[in-house]
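Let me begin by presenting the structure, written as structure tokens, before commenting on it.
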Amino acid sequence: MKKSNLKTIWLLPVALFLSSYLFGCSSNTPVLAVPEQISYNDEVQLAQISQELYNRNLSDEAKMQLYYQRGALYDSLGFKAFAQNDFTQLLKFNVAIPDVYNYLGTYAMQEGDYNAAFLAFNTAAELDPDYEFVYINRAIALYNNDKYEPALADALKFYHYAPNEPIRILWVYLIESKLDKVSAKAHLLARYDDMQDKTVWGSDIVAFYLGKISENRLMINLQQGIETNKALAQRLCETYFYLGKYYQNKGDNKRAEMLFKYALASNVYNYLEHQQALFEIKQLNQQ
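Heads up: the sequence shown is residues -33 to -1, 1 to 254, going by mature numbering (1 follows the signal peptide of the UniProt record, and there is no 0).
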């Protein structure tokens, strides 16, 4: 799931082009997406935006749009330092852009600077109380710091914006299970039963958590309806991360670490599951 819904008008549509190879569908022979190099079109786009920024006749509004477009593109390609620099430049023109603070909060969180992360997320929420993605990012930051009750409050707020989205249900469960595993499982089942459409992508992950389908069936189902390499990589990133959390919560850290590495191998840099998989690996290596 993307870590931002990019509500401002400066969003430049970007895509990751990933080559994919299927290595079977059992839990012992995983499905893997092998990423390509950055596309030529991405490189050209970066060069064009950078060249336009040298134009001294640009209005401030035009510069803001270009910085935002380039920052979003850098972020999608994994160039976090470059993205952070562009978003910081944006604040020199306008200090009231929720998207920018949300991005900067995720970068601070990745660096372990949670004071800066919370400051950025709080600012985004103050600027736009309905900027829903800031609540899940702040919830994860709180979760990473063992502050489960406020994390659950943010996760529930994020969930209520779209209660039919399975990934939102999963995050509520992951956080709530740290407080009470029994009630968390019961609430997970209730929220799953309340879903109006169980054919949406991600519902199979919830079904697996509930024991309704096997891991083998989950891996088969995730390949259904896939038309692009990008879509496969995104599904793999999500699936492997939540499988990793499932086994981690059962005490199987070795298997969890392997699955987190599979999630990272997708190179879907602008997904929060990719970001969190790296955090989980670091935490496991410190144990």
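Every residue, glycine too, gets a C-beta built ideally from N, C-alpha and C. Since we're looking at a predicted model, the values are computed, not measured.
Can you name the start and end residues of the alpha helix (DSSP H) that residue i belongs to?
{"i": "W138", "result": "P133 to E143"}
{"i": "Q19", "result": "Checking the sequence shown, residue 19 turns out to be Glu, not Gln. Run containing E19: Y7 to L20, per the alpha helix (DSSP H) assignment."}
{"i": "A73", "result": "Here residue 73 turns out to be Thr, not Ala, going by the sequence shown. Its alpha helix (DSSP H) spans residues P65 to Q77."}
{"i": "N89", "result": "Y81 to L94"}
{"i": "N196", "result": "N196 to N216"}
{"i": "T55", "result": "K47 to L58"}
{"i": "L177", "result": "L177 -> no alpha helix (DSSP H), and no H or E assigned at all."}
{"i": "Y102", "result": "F100 to N111"}
{"i": "P117", "result": "Y115 to Y128"}
{"i": "D160", "result": "K148 to D161"}
{"i": "residue 280", "result": "It is not possible to answer for residue 280, since the shown part of the chain is limited to -33 through 254."}
Any idea which residues DSSP pairs residue i with across the strands?
{"i": "Y238", "result": "K(-32)"}
When you compare only the Cα positions, how much space is there between residue i and residue j?
{"i": "M76", "j": "K114", "result": "15 Å"}
{"i": "F54", "j": "L13", "result": "15 Å"}
{"i": "R184", "j": "L177", "result": "13 Å"}
{"i": "Y229", "j": "K212", "result": "13 Å"}
{"i": "Y110", "j": "F88", "result": "14 Å"}
{"i": "S26", "j": "A120", "result": "42 Å"}
{"i": "T90", "j": "S6", "result": "35 Å"}
{"i": "E19", "j": "L33", "result": "8 Å"}
{"i": "I64", "j": "L94", "result": "7 Å"}
{"i": "L231", "j": "C204", "result": "7 Å"}
{"i": "Y49", "j": "N69", "result": "It should be pointed out that residue 49 corresponds to Phe in this sequence rather than to Tyr. Between F49 and N69, the C-alpha separation is close to 16 Å."}
{"i": "P(-4)", "j": "E28", "result": "47 Å"}
{"i": "D160", "j": "Q15", "result": "49 Å"}
{"i": "R222", "j": "R37", "result": "37 Å"}
{"i": "I193", "j": "N24", "result": "45 Å"}
{"i": "Q253", "j": "K47", "result": "24 Å"}
{"i": "A92", "j": "Y102", "result": "8 Å"}
{"i": "G169", "j": "G218", "result": "23 Å"}
{"i": "Q201", "j": "T195", "result": "10 Å"}
{"i": "F125", "j": "S17", "result": "35 Å"}
{"i": "E3", "j": "V149", "result": "Any reading at E3 is ruled out, since the residue's pLDDT is 45, under 50, leaving its predicted position unreliable."}
{"i": "E247", "j": "D80", "result": "16 Å"}
{"i": "N8", "j": "S181", "result": "40 Å"}
{"i": "N188", "j": "A129", "result": "23 Å"}
{"i": "K59", "j": "M(-33)", "result": "29 Å"}
{"i": "L71", "j": "Y98", "result": "15 Å"}
{"i": "M186", "j": "A174", "result": "12 Å"}
Kindly indicate which residue of the options has the alpha-carbon position closest to the one of residue i.
{"i": "E240", "options": "F208, N183 and K212", "result": "F208"}
{"i": "N234", "options": "G192, V11 and L199", "result": "L199"}
{"i": "E116", "options": "D27, E93, I134 and K145", "result": "K145"}
{"i": "M162", "options": "Y236, H127 and Y21", "result": "H127"}
{"i": "Q215", "options": "E205, C204, F227 and T206", "result": "F227"}
{"i": "residue 282", "options": "N82, Y98 and I172", "result": "With the chain represented from -33 up to 254, any question about residue 282 goes unanswered, as that position is not in the structure."}
{"i": "K179", "options": "W138, Y35, L155 and Q253", "result": "L155"}
{"i": "T166", "options": "D9, L245, Q191 and L210", "result": "Q191"}
{"i": "N82", "options": "N112, V149 and D66", "result": "N112"}
{"i": "P96", "options": "Y238, E10, D66 and L71", "result": "D66"}
{"i": "N61", "options": "M31, L71, Y41 and S43", "result": "M31"}
{"i": "L210", "options": "V149, D164, D147 and L141", "result": "L141"}
{"i": "N104", "options": "E247, Y238, A174 and R158", "result": "Y238"}
{"i": "L57", "options": "D147, E78 and Y35", "result": "Y35"}
Taking 6 Å as the cut-off, is the beta-carbon of residue i closer than that to any non-hydrogen atom of the ligand MG?
{"i": "L177", "result": "Because no ligand of any kind appears in the structure shown, any question about the ligand MG cannot be addressed here."}
What does a CB cutoff of less than 6 Å around residue i pick up in its chain, not counting 5 residues either side in sequence?
{"i": "N220", "result": "L251"}
{"i": "Q51", "result": "Y74"}
{"i": "G45", "result": "Y236"}
{"i": "E143", "result": "L119 and A151"}
{"i": "residue 316", "result": "Nothing about residue 316 can be read from this structure; the chain reaches only from -33 to 254."}
Who are the near neighbours of residue i in its chain, counting only those whose CB is closer than 7 Å to its CB and skipping five residues on each side?
{"i": "Q243", "result": "I107 and F208"}
{"i": "residue 262", "result": "Outside the shown range of the chain, which is -33 to 254, sits residue 262, and nothing can be said about it."}
{"i": "F100", "result": "K(-31), S(-30), N(-29) and N69"}
{"i": "E224", "result": "I248 and L251"}
{"i": "A122", "result": "I103, A106, W138, V139 and I142"}
{"i": "Y41", "result": "F49, A50 and D53"}
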